Structure formats: structure tokens, C-alpha cells
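Residue numbers (the numbering used here): 162 to 365.
We treat Cβ as the ideally placed atom computed from N, Cα and C, and that holds for glycine.
Note that the coordinates shown come from a computational prediction; the quantities given were computed from them, not determined experimentally.
Here the structure comes first, spelled out in C-alpha cells, and everything after it is commentary.
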Amino acid sequence: MENTKKSLEFLYKINDLQKTTRYGNDPKFSESTAEHTFKLILMVDYFYQILNLDLDYEKCIHLATYHDFGEMDLEKDVDLKDSTVKKNLDNKEIYENTKIRELSNKFYEPIEDYFNEYENRNTKEAKFIYACDKLEGMVHPLTVGSPIPNHELFATYADKAISNFPELMPFYREIKKVLKVRYEEWGFDWKDEYERVFEDFKEG
Numbered sequence: 162m163e164n165t166k167k168s169l170e171f172l173y174k175i176n177d178l179q180k181t182t183r184y185g186n187d188p189k190f191s192e193s194t195a196e197h198t199f200k201l202i203l204m205v206d207y208f209y210q211i212l213n214l215d216l217d218y219e220k221c222i223h224l225a226t227y228h229d230f231g232e233m234d235l236e237k238d239v240d241l242k243d244s245t246v247k248k249n250l251d252n253k254e255i256y257e258n259t260k261i262r263e264l265s266n267k268f269y270e271p272i273e274d275y276f277n278e279y280e281n282r283n284t285k286e287a288k289f290i291y292a293c294d295k296l297e298g299m300v301h302p303l304t305v306g307s308p309i310p311n312h313e314l315f316a317t318y319a320d321k322a323i324s325n326f327p328e329l330m331p332f333y334r335e336i337k338k339v340l341k342v343r344y345e346e347w348g349f350d351w352k353d354e355y356e357r358v359f360e361d362f363k364e365g
């Protein structure tokens, strides 16, 4: 009976992922952590299949599912205004680590293991999920159609992650092509450094 009650409490708790807002400072780009996570899982499954990746599929799905669990309750527990968390990543990291430990101890011990593996990125699976996470973080704003804030940072947002999982480089190249066209439409300069990530990459 106790386990049943705890399971129900966990099912209630995961609904809080819908309350945590990403890109919360600009309503046009805003989405919940739950929405982002669902799209990431779809992306992971898709690329895993079409690239025929030699990875642990179950682990990939687990890493994608729990990678942002530390953001749970973030909106109501921590002020997300520019003057606080978004400018103080250390505070956000402390909050997320505390939240992950709390959720893991209370509900499901592997949550912390999956979260730490994703954060440390010492496995091929974690590098794959991290690269997909960055890709999703670029695709979402592009679907909005409005000029992207912090466009200089955004142009190279996923460079390092994709370099560490080059199997996704051809898809990243296509995203950059779209981005270049959009930047020209929005009156943003497209700099040579935005394409430097492709210099050492040769498609097989």
C-alpha cells in the first residue's frame, strides 16, 4: 500500500514539469520543460533509428526522460528573473542537484544516476542526448518565426555538443543553412565563425 501511495504521489509530482517555463522571459518562445522533454525523446528515438546507432537504446531514453528533472518546481521555488537564476548558473546548478537528490531519494533512485551521467557526459549515450538536447533547443525557436534574442550566442549554441557527437553534424549543417537565411531576413550579420564547426568535418 505504501508503494502504491508513493507511486501515485510521483505521478502527481511529474505534472510539475508542465509548470516550469523555458524561455520564460519572452512569451513567443515560451514552453514547458515537459514539452521540451517530450520533443527530445522523439528526436532521440528518430536519430537512433535512422542513424542505426550502436548505443544502449533504453539508456538513451532514460537519459532524455530525466535530464531536466532538476528543473522541476524551479519557477515557483526560484525566481527566474534576469537578476537571479538566469544570470547565476551556480545557483541553478545547486538548486537542480538538490532537487534531483530529493526526487531520487523519495521516489526512484536511478533518477540521480541518469541525471549525473547526462551532466558528466562521459558516455557515448550521454553525449548523444546532450547533442540532441542542444539541437532541440535550436529547432524550437526557429519554429516560432520571430527574431531570436541573443542571436550571436544562439548561432553557435550547439557547436561543442555536436562536435562531440559528429554523427549529427549533417543535420546541424542543415539547421545552420536555415539559420543563415533567417538571420539575413532579420538583418543580423552572418559571421564566418558561425560555420567554423564544419571545417574539420567530412561527410562519409
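Boundaries of the alpha helix (DSSP H) around V205: T194 to I211. Contact between the stretch 173-189 and the stretch 286-296 is absent: fewer than three C-beta pairs spanning the two stretches fall below 8 Å. Contact annotation: L340 and L303 have beta-carbon atoms nearer than 9 Å.
In this structure the stretch 255-270 does not touch the stretch 201-210; the number of beta carbon pairs closer than 8 Å is below three. Under the three-state reduction of DSSP output, R262 falls in the helix class. Per DSSP, the continuous alpha helix (DSSP H) segment holding L224 begins and ends at Y218 to Y227. Nearest neighbour of R343 by Cα position, chosen from D361, K321, A322 and V305, turns out to be V305. Note on the stretch 281-329: there is no whole beta strand (DSSP E) run with a minimum of 3 residues. Here DSSP, grouped into helix, strand and coil, assigns T165 to helix.
Sixteen is the threshold: when 16 or more other Cβ atoms of the shown chains lie within 10 Å of the Cβ of D229, as they do, the residue is buried.
Per the coordinates, the alpha-carbon of I309 lies some 20 Å from the alpha-carbon of K200. The distance from the Cβ of V300 to that of I323 is about 13 Å, inconsistent with a contact at the 8 Å cut-off. Within the DSSP bridge table, the entry for T182 names S193 as partners. Relative to the Cα of T198, the nearest Cα in the group K189, E354, E232 and R262 belongs to E232.
Sequence-distant partners of L329 (beyond 5 residues in either direction) whose C-beta falls short of 6 Å from its own C-beta, in its chain, are A292 and I323. Less than 9 Å divides the Cβ of A287 from the Cβ of L224. The three-state secondary structure of G231, taken from DSSP, is helix. DSSP, read as helix, strand or coil, puts F349 in coil.
About 12 Å separates the CB atoms of E354 and K337; that is not less than 8 Å, and the two are not in contact.
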